[in-house]
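Enquirer: In the numbering used here, each residue carries its 1-based index in the first sequence increased by 122.
First, the structure itself, so that you have it in front of you.
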Amino acid sequence: MPVENAEIADMFDEMADLLEIEDANPFRVRAYRNAARTLRRMPESMASLVAKNADLSALPTIGDDLEGKIEEIVATGRMPALENLKRTIPPGLVALSSLPGLGPKRVKLLYDQMGIHDLKDLTRAVESNEILDIPGFGPKLRDRLRDALGKPPPIADKRFLIANVEARAETLVAYLEAVPGVDEVVVAGSFRRRRETVGDLDILVVAKDGKAVSDRFTGFEDVVEILAAGSTKASVVLRSGLQVDLRVVPRQSYGAALLYFTGSKAHNITLRNMAVDRHWKLNEYGLFSGNAQIAGLTEQDIYEKFGLAMIPPELREDRGEIAAARRGLLPELIRRDDIRGDLHAHTDWSDGSASITDMGAAALALGYDYLAITDHSQHLTVANGLDPGRLARQIEKIDRINATYQGFILLKASEVDILKDGSLDLPDDILKQLDIVVAAIHSAFDLPREDQTRRMLKAIENPLVNIIAHPSGRLIGKRAPYAIDMERVIAAAAANGCALEINSQPERLDLNDVHIKAAKAAGVKLVLSTDAHDPGSLDLMRYGIDQARRGWLEAGDVVNTRPLADMMRRLKR
DNA sequence: GCCGTTTTCGGCCCGACTGTTTTCAGTCG
Numbered sequence: 123m124p125v126e127n128a129e130i131a132d133m134f135d136e137m138a139d140l141l142e143i144e145d146a147n148p149f150r151v152r153a154y155r156n157a158a159r160t161l162r163r164m165p166e167s168m169a170s171l172v173a174k175n176a177d178l179s180a181l182p183t184i185g186d187d188l189e190g191k192i193e194e195i196v197a198t199g200r201m202p203a204l205e206n207l208k209r210t211i212p213p214g215l216v217a218l219s220s221l222p223g224l225g226p227k228r229v230k231l232l233y234d235q236m237g238i239h240d241l242k243d244l245t246r247a248v249e250s251n252e253i254l255d256i257p258g259f260g261p262k263l264r265d266r267l268r269d270a271l272g273k274p275p276p277i278a279d280k281r282f283l284i285a286n287v288e289a290r291a292e293t294l295v296a297y298l299e300a301v302p303g304v305d306e307v308v309v310a311g312s313f314r315r316r317r318e319t320v321g322d323l324d325i326l327v328v329a330k331d332g333k334a335v336s337d338r339f340t341g342f343e344d345v346v347e348i349l350a351a352g353s354t355k356a357s358v359v360l361r362s363g364l365q366v367d368l369r370v371v372p373r374q375s376y377g378a379a380l381l382y383f384t385g386s387k388a389h390n391i392t393l394r395n396m397a398v399d400r401h402w403k404l405n406e407y408g409l410f411s412g413n414a415q416i417a418g419l420t421e422q423d424i425y426e427k428f429g430l431a432m433i434p435p436e437l438r439e440d441r442g443e444i445a446a447a448r449r450g451l452l453p454e455l456i457r458r459d460d461i462r463g464d465l466h467a468h469t470d471w472s473d474g475s476a477s478i479t480d481m482g483a484a485a486l487a488l489g490y491d492y493l494a495i496t497d498h499s500q501h502l503t504v505a506n507g508l509d510p511g512r513l514a515r516q517i518e519k520i521d522r523i524n525a526t527y528q529g530f531i532l533l534k535a536s537e538v539d540i541l542k543d544g545s546l547d548l549p550d551d552i553l554k555q556l557d558i559v560v561a562a563i564h565s566a567f568d569l570p571r572e573d574q575t576r577r578m579l580k581a582i583e584n585p586l587v588n589i590i591a592h593p594s595g596r597l598i599g600k601r602a603p604y605a606i607d608m609e610r611v612i613a614a615a616a617a618n619g620c621a622l623e624i625n626s627q628p629e630r631l632d633l634n635d636v637h638i639k640a641a642k643a644a645g646v647k648l649v650l651s652t653d654a655h656d657p658g659s660l661d662l663m664r665y666g667i668d669q670a671r672r673g674w675l676e677a678g679d680v681v682n683t684r685p686l687a688d689m690m691r692r693l694k695r
């Protein structure tokens, strides 16, 4: 099986971790991390680029040396430089550096001076107070380490679904807005960029008296731990484990601070380098030429100084948005109210909780022109999937209900299972009676990559199928995508005129942003759907919209922004 | 290790907070 970009990225990150402990040139460490980040967001696999004999060193952050290492990893699955380094550094040291207050410098000090190379050694040194003999280690740090060692190890990279932190974010904003002297409160960071998950919340406040805001912030009812509390910056952990960072800035810095705290880091670094090129300086307080602030009140002012159009937060990932902004080629991103209907919804005929009529009423209330009723097919017995007989009766029922509407229609459809061999779970004659066929994988998630890919391609090549639902099958934080070659899936969808779904369920968001952008580039028709199982869930569409925007989609890229007749014509194969 | 209106060497984004110092290093974002 070809090596995945993420695996190469993991090797580079591990290389960076080890080099850091070895006290290597920090810029060399950064080079590995930058390259890892490039690989993670590349939709095209290194394996296929190498097979095409492409010039990898033309990619940003990849030079001659890393090109050679990538080619070696693709060819052999191994990275000798990493293996050699691993032999010289005890494996436990990297784990130590994940403890709070311990970075590579202190970990190296622990190892060099006391031979501490794992959590057990460290615990002993902390309990015996021997750790205090090491320069730079005092009682505060010892206590902090003792606390951390007594708790279960933090889940690496714990992230929260964006939908799960929205309510908390709104409460916090309202709480801070009520503080006297506060002019403005906004949530920045990955939350504002609408990433599918957030690692923490970054809250920006405009106020004169930072200490007052900071004090109020750390006194929020849900705070279980205060990590830092200064006059412009504070950091807490909430009961849920969510970390929240606060920054307070004066009005004239609002735009610069918002830009800075919205990120992404890669986007910021590129902008800062552009400032350096012009002999300016960009930080969270403004854009400066010498000591003079030349922009900073709004984000737009700053982009303008660089000759760039205003870049929407969702695009700020250093995936080409800066070049596009310079050339006036930023997309006109799709908006929630561009959507004319939903093409994936369930009713109580299968595993939904509401009647067909109630789902229709909810879609009408959203101002939609159409709603596809896509109950499950027979193979999905746990979801009470419909056999041909029940589906035939549902078709009749929908016809009767449609007779009562004006200017709105329920589309007769099915979310039909793609069986293990790639065939569909319902016979052709019943599928031909439907307006739309949505096909999806709900079983045999563990097929080998080649088999899973072939299974999916067979469904895509089936002329009866209009849409592939949740193409990767992932559940964020719970279930990895099934092993599948998404490059081939996208290419086949484009070649066969089969649409791919962007599923709006907050834990699916499937396709993801990277694949959305790749699908658009390949000319694939895209559909935004909610997969609603109750009337209220039709409103989850906004999460799908967020990801579509992150994937650079315009209204014209999405089939269900079209009126009924146009939409049906586009889905036709 | 990457990169180039500072082009093949010498730079590499920038600042706040903490704990340990006695002017600053390390960590973090």
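Note that the Cβ used here is the ideal one computed from N, Cα and C, for glycine as well.
1) Please confirm whether Ser499 and Leu465 have their CB atoms less than 7 angstroms apart.
2) Looking at the secondary structure, which residues open and close the alpha helix (DSSP H) in which Gly377 lies?
3) Whole angstroms is fine: what's the gap from Ile444's alpha carbon to Ile433's?
4) Assuming Gln528 is part of the beta strand (DSSP E), what are its boundary residues?
5) Opposite Ser659 in the DSSP bridges: which residues?
6) Take the Cβ of Ser386 as the centre, count every other Cβ of all protein chains shown within 10 Å, and call the residue buried at 16 or more, exposed below.
7) So, for Asp491: in the same chain, excluding its five sequence neighbours on each side, which residues have a beta-carbon less than 8 angstroms away from its beta-carbon?
8) Within this structure, are the beta carbons of Ser536 and Asn506 separated by less than 7 angstroms?
9) Could you round the C-beta distance between Asp132 and Arg155 to whole angstroms and report it? I think they count as a contact, below 8 angstroms.
10) Suppose you measure from the CA of Val398 to the CA of Val248; what does that come to, to the nearest Å?
11) Can you tell me whether DSSP reads Leu298 as helix, strand or coil?
12) Roughly how far, in whole angstroms, is the beta-carbon of His637 from the beta-carbon of Pro124, given that I think they are within contact range, below 8 angstroms?
13) Which value, in whole angstroms, describes the spacing of the CA atoms of Lys333 and Gln374?
14) Report all residues from its chain with a CB closer than 8 angstroms to the CB of Arg555; omit the five preceding and five following residues, and keep chain order.
15) Determine the direct distance from the alpha carbon of Lys280 to that of Leu224, and round the result to whole angstroms.
16) Can you tell me where the beta strand (DSSP E) holding Ala329 begins and where it ends?
17) Compare the C-alpha of Glu126 against each of Arg162, Asp324, Ala581 and name the closest.
18) Go through its chain and collect everything with a Cβ distance to Asn618's Cβ below 6 angstroms, but skip five positions before and after it.
19) Can you tell me where the alpha helix (DSSP H) with Ile478 in it begins and where it stops?
20) When the Cα of Ile325 is compared with those of Leu693, Leu298, Pro257, which residue comes out closest?
21) Beta-carbon within less than 8 angstroms of Leu430's beta-carbon, same chain only, minus the 5 sequence neighbours each way: which residues are those?
22) Where Ser626 and Pro453 are concerned, what is the direct C-alpha to C-alpha distance, given to the nearest angstrom?
23) If you draw a straight line from the C-alpha of Val335 to the C-alpha of Val371, how long is it?
24) For Arg150 and Thr183, what's the separation of their Cα atoms in angstroms?
25) Quick check on Ile416: does DSSP put it in helix, strand or coil?
26) Quick check on this structure: which residue in Asn175, Leu221, Thr575, Glu609 has the alpha carbon closest to the alpha carbon of Ala641?
27) If you measure between the beta carbons of Ala467 and Ala654, is that distance less than 7 angstroms?
28) My understanding is that Ser651 touches Glu676, with C-beta atoms under 8 angstroms, so please give their C-beta distance in whole angstroms.
29) Using a Cβ-Cβ cutoff of less than 7 angstroms, which residues in the same chain neighbour Ala602 once the five nearest sequence positions on both sides are dropped?
30) For Ala670, count the other beta carbons within 10 Å of its own beta carbon; 16 or more makes it buried, fewer makes it exposed. Which is it?
31) Would you say the stretch 378 to 385 touches the stretch 301 to 320, given that touching needs at least three Cβ pairs under 8 angstroms?
32) Between the C-alpha atoms of Asp139 and Ile130, what's the straight-line distance to the nearest angstrom?
33) What did DSSP end up calling Lys403 once you bin it into helix, strand or coil?
34) Return the Cβ separation of Glu306 and Tyr407 in integer angstroms, given the expectation that the two are a contact with Cβ distance under 8 angstroms.
35) Could I get the ranges of all uninterrupted alpha helix (DSSP H) runs contained in the stretch 153 to 222, with 4 residues as the minimum, in chain order?
36) Just verifying my parser: in three-state terms, what is the DSSP assignment at Ile495?
Expert: Taking the geometry as given:
1) The sequence position of residue 499 within the first sequence is 377, counting from 1. The sequence position of residue 465 within the first sequence is 343, counting from 1. No; because the gap between Cβ atoms is not below 7 angstroms, this pair is not in contact.
2) As a first step, residue 377 is located in the first sequence; it is residue number 255 there, counting from the start. Residues 376 to 384.
3) As a first step, residue 444 must be located in the first sequence, where it is residue number 322. As a first step, residue 433 must be located in the first sequence, where it is residue number 311. Near 8 angstroms, if we compare the C-alpha coordinates of Ile433 and Ile444.
4) What you label residue 528 is simply residue 406 of the first sequence in a count that begins at 1. Counting along the chain, Gln528 falls outside any beta strand (DSSP E), and DSSP gives it neither H nor E.
5) Indexing the first sequence from 1 puts residue 659 at position 537. Per DSSP, none; premise fails for Ser659.
6) The residue given as residue 386 occupies position 264 in the first sequence. Result: buried.
7) On the first sequence, residue 491 is found 369 positions in, with the first residue counted as 1. The beta carbon of Asp491 sits closer than 8 angstroms to the beta carbons of Arg462, Gly463, Gly529, Phe530, Ile531, Pro685, Leu686 from its chain, once the five residues preceding and following it are set aside; these are given in chain order.
8) The residue you call residue 536 lines up with position 414 of the first sequence. The residue you call residue 506 lines up with position 384 of the first sequence. Result no, Cβ atoms of Ser536 and Asn506 do not sit closer than 7 angstroms.
9) By 1-based counting over the first sequence, the position of residue 132 is 10. By 1-based counting over the first sequence, the position of residue 155 is 33. About 12 angstroms separates the two Cβ atoms, so there is no contact after all.
10) If you number the first sequence from 1, residue 398 lands on position 276. If you number the first sequence from 1, residue 248 lands on position 126. Rounded to the nearest angstrom, the two C-alpha atoms are 44 angstroms apart.
11) As a first step, residue 298 must be located in the first sequence, where it is residue number 176. Here Leu298 sits in helix by DSSP.
12) The residue you call residue 637 lines up with position 515 of the first sequence. The residue you call residue 124 lines up with position 2 of the first sequence. A Cβ-Cβ separation of about 17 angstroms leaves His637 out of contact with Pro124 under the 8 angstroms criterion.
13) For the purposes of this step, residue 333 is taken as residue 211 along the first sequence, with counting starting at 1. For the purposes of this step, residue 374 is taken as residue 252 along the first sequence, with counting starting at 1. In a straight line, the C-alpha of Lys333 is about 18 angstroms away from that of Gln374.
14) Within the first sequence, the letter at position 433 stands for residue 555. Here residue 555 turns out to be Gln, not Arg, going by the sequence shown. Counting only Cβ-Cβ distances below 8 angstroms, and skipping sequence neighbours, we find Ala514, Ile517, Lys534.
15) Mapped onto the first sequence, residue 224 falls at position 102. Mapped onto the first sequence, residue 280 falls at position 158. When rounded, the distance between both Cα atoms is 19 angstroms.
16) As a position in the first sequence, residue 329 is number 207, starting the count at 1. From DSSP, the beta strand (DSSP E) with Ala329 extends over 322 to 329.
17) As a first step, residue 126 is located in the first sequence; it is residue number 4 there, counting from the start. For the residues Arg162, Asp324, Ala581, the minimum Cα distance to Glu126 belongs to Arg162.
18) The residue you call residue 618 lines up with position 496 of the first sequence. Ile582, Glu583, listed in sequence order.
19) Taking the first residue of the first sequence as position 1, residue 478 is located at position 356. It spans 478 to 487 - the alpha helix (DSSP H) in which Ile478 sits, taken as one unbroken run.
20) Residue mapping note: residue 325 aligns to position 203 of the first sequence, counting from 1. Here the closest residue by C-alpha is Leu298.
21) Here the question's residue 430 lines up with position 308 in the first sequence. Same-chain partners within the cutoff: Ile444, Ala447, Arg448.
22) Position 504 of the first sequence, counted from the start, is the residue given in the question as residue 626. Position 331 of the first sequence, counted from the start, is the residue given in the question as residue 453. Ser626 and Pro453 have their C-alpha atoms roughly 21 angstroms apart.
23) For the purposes of this step, residue 335 is taken as the residue at position 213 of the first sequence. For the purposes of this step, residue 371 is taken as the residue at position 249 of the first sequence. Between Val335 and Val371, the C-alpha separation is close to 11 angstroms.
24) Counted from its first residue, the first sequence places residue 150 at position 28. Counted from its first residue, the first sequence places residue 183 at position 61. Put simply, the backbone Cα of Arg150 is about 11 angstroms away from that of Thr183.
25) Taking the first sequence and counting its residues from 1, one reaches residue 416 at position 294. In this structure, Ile416 counts as strand in the three-state DSSP scheme.
26) Here residue 641 refers to the residue found at position 519 of the first sequence. For Ala641, the nearest C-alpha among the options comes from Glu609.
27) Start at 1 with the first residue of the first sequence, and residue 467 comes out as number 345. Start at 1 with the first residue of the first sequence, and residue 654 comes out as number 532. Judged by beta-carbon spacing, Ala654 lies within the 7 angstroms limit of Ala467, meaning their Cβ atoms are closer than that value.
28) Here residue 651 refers to the residue found at position 529 of the first sequence. Here residue 676 refers to the residue found at position 554 of the first sequence. Not quite, the Cβ-Cβ distance comes to about 18 angstroms (not below 8 angstroms), so this is no contact.
29) Here the question's residue 602 lines up with position 480 in the first sequence. Here Ala602 has Arg596 as same chain residues with Cβ atoms under 7 angstroms from its own Cβ, once five neighbours each way along the sequence are excluded.
30) Residue 670 sits at position 548 when you count from the first residue of the first sequence. Around the CB of Ala670, 16 or more other CB atoms lie within 10 Å, so the residue is classed as buried.
31) Yes, they touch.
32) The residue given as residue 139 occupies position 17 in the first sequence. The residue given as residue 130 occupies position 8 in the first sequence. Those two C-alpha atoms are separated by around 14 angstroms.
33) Here residue 403 refers to the residue found at position 281 of the first sequence. Correct three-state label for Lys403: strand.
34) Counted from its first residue, the first sequence places residue 306 at position 184. Counted from its first residue, the first sequence places residue 407 at position 285. Rounded to the nearest angstrom, the Cβ distance from Glu306 to Tyr407 is 16 angstroms, too far for a contact under 8 angstroms.
35) 168 to 173, 186 to 198, 202 to 210, 214 to 218, all fully within the stretch 153 to 222.
36) In the first sequence, counting from the first residue as 1, residue 495 sits at position 373. Note: Ile495 maps to strand in three-state DSSP.
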